[in-house]
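Comments concern the structure below.
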Amino acid sequence: MYKLPADYHMHSNHSGDSDTPMKDMIESAIKRGLSEICFTEHMDLDFPVTKEVPEGLFTLDIPSYKRDLFSYKEEYKDKITIKYGIELGLQMQITGVNSDLIRENDFDFVIGSIHLLDKKDPFYPEAWEGRDEKEVIKRYFESTLENIQVFNDFDCLGHLDYIVRYAPSGAPYYSYNMYKEIIDEILVTLVKNGKGLDLNTKALFRGSKEPNPPADVLKRFYELGGRIITFGADAHTPEGIAGSFDKACEIAMNCGFTEYYTFDKRVPSAIRL
Ligand SMILES: [Zn+2]
Ligand SMILES: [Zn+2]
């Protein structure tokens, strides 16, 4: 059995949607035999306020996060390598603030994620009401493309087809083929700009057949020259760390990948799968 890849997508109580102390995530990663992890706490500025989402829920307190992370990095340095990352929510109206934020901080790794569509959270039915579901998904990909065309200060695109998770019908029709043109444009843009994909195993771990994005998209990324992938279980609790990474490794290798990546101060390094 090969060693599991580094988990490059995880949250702790520094993210608005997790209560897990950082220490519990680290201990769990060590127990699973990981040699490296990267915390990627949420920073989603200008997030719509709802009953469940108070103002500023996804605004990361960077100084407090950094203090905690660097103290654990030192404490656990003989057991595991801990990297300082962020999951940055991309939206067209905040590209300037997001760029400043990345420039002013010294993160090891930045995931750029699109959690909102036209300022609405797809988690709520209102984002879908009165609209054709297939069109909403297409619009999400268009919006992803718009964002990555103007914003360059990230390393990997988070869970490329995130919106599909929340389609009211479960989107049984969804496939790479159905959205081929727009997905290709996204992949070509990533390759051209030297960006990678977050191979997100959260759904896989919960019983879905495919990670986000699915194998067909990963394969296409490889065909188009994309080589940078990071593995991310997107865990918000200790049980989820490195979830289904063995399956994901197999998927990645079947798609042509022989390496995955880790980052240090935004510089990628390839590690053999
Ligand atoms: Zn996310
Ligand atoms: Zn996440």
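This note's numbering numbers the first residue of the sequence shown as 738 and each following residue consecutively. Ideal Cβ positions, reconstructed from N, Cα and C, are used throughout, including at glycine. Since the model is a prediction, treat every value here as computed from it, not as a measurement.
The alpha-carbon of R964 is positioned some 31 Å away from that of E811. Below 8 Å, enough C-beta pairs join the stretch 966-975 and the stretch 993-1000 to call them touching: three or more. Counting other Cβ atoms within 10 Å of its Cβ, M780 reaches 16 or more and is therefore classed as buried. Look at G993 here: in three-state DSSP terms it is coil, with no helix or strand label.
Every residue with a CB closer than 7 Å to a heavy atom of ligand 1 is listed here in chain order: E824, S850, H852, G895, H896, Y899, D971. Shortest gap from the CB of T777 to any heavy atom of ligand 2: under 7 Å. Y877: member of the alpha helix (DSSP H) spanning 870-887, first to last residue. Taking the Cβ of H751 as the reference point, every heavy atom of ligand 2 lies at 7 Å or farther away. The stretch 780-799 makes contact with the stretch 821-832; the number of CB pairs closer than 8 Å reaches 3 or more. The C-alpha of I923 is placed about 5 Å away from the C-alpha of L882. Distance from the Cα of K803 is smallest, within the candidate group Y910, K929, K984, S752, for S752. Taking C-beta separations shorter than 8 Å and ignoring five residues to either side along the sequence, the partners of S981 in its chain run T938, L941, F942, P948, A970, following chain order.
In this structure, A766 and I817 form a Cβ contact; the two beta carbons are roughly 6 Å apart against a cut-off of 8 Å.
M990 and D744 have their alpha carbons spaced roughly 17 Å apart. If you draw a 10 Å sphere on the C-beta of I978, you find 16 or more other C-beta atoms in it, and that means buried.
Close CB contacts of F958 within its chain, under the 7 Å cut and outside five residues either way in sequence, are with L924, L934 (chain order). DSSP places P1005 in the strand class (E or B) of the three-state scheme. Going by C-alpha positions, S1006 is about 24 Å away from K768. For E812, the enclosing alpha helix (DSSP H) covers residues 799-812. Burial check for D815: the Cβ neighbour count within 10 Å stays below 16, so the residue is exposed. With a contact defined as Cβ atoms closer than 8 Å, H852 and Y911 miss out at about 18 Å. Between I819 and L806 a beta carbon distance of about 7 Å is seen, short of the 8 Å cut, so the two are scored as contacting. Excluding residues up to 5 positions away in sequence, L741, A743, D744, I817, A979 lie with their Cβ nearer than 7 Å to the Cβ of L771 in the same chain. In the assembly as shown, L961 is an exposed residue. Its beta-carbon has fewer than 16 other beta-carbons within 10 Å.
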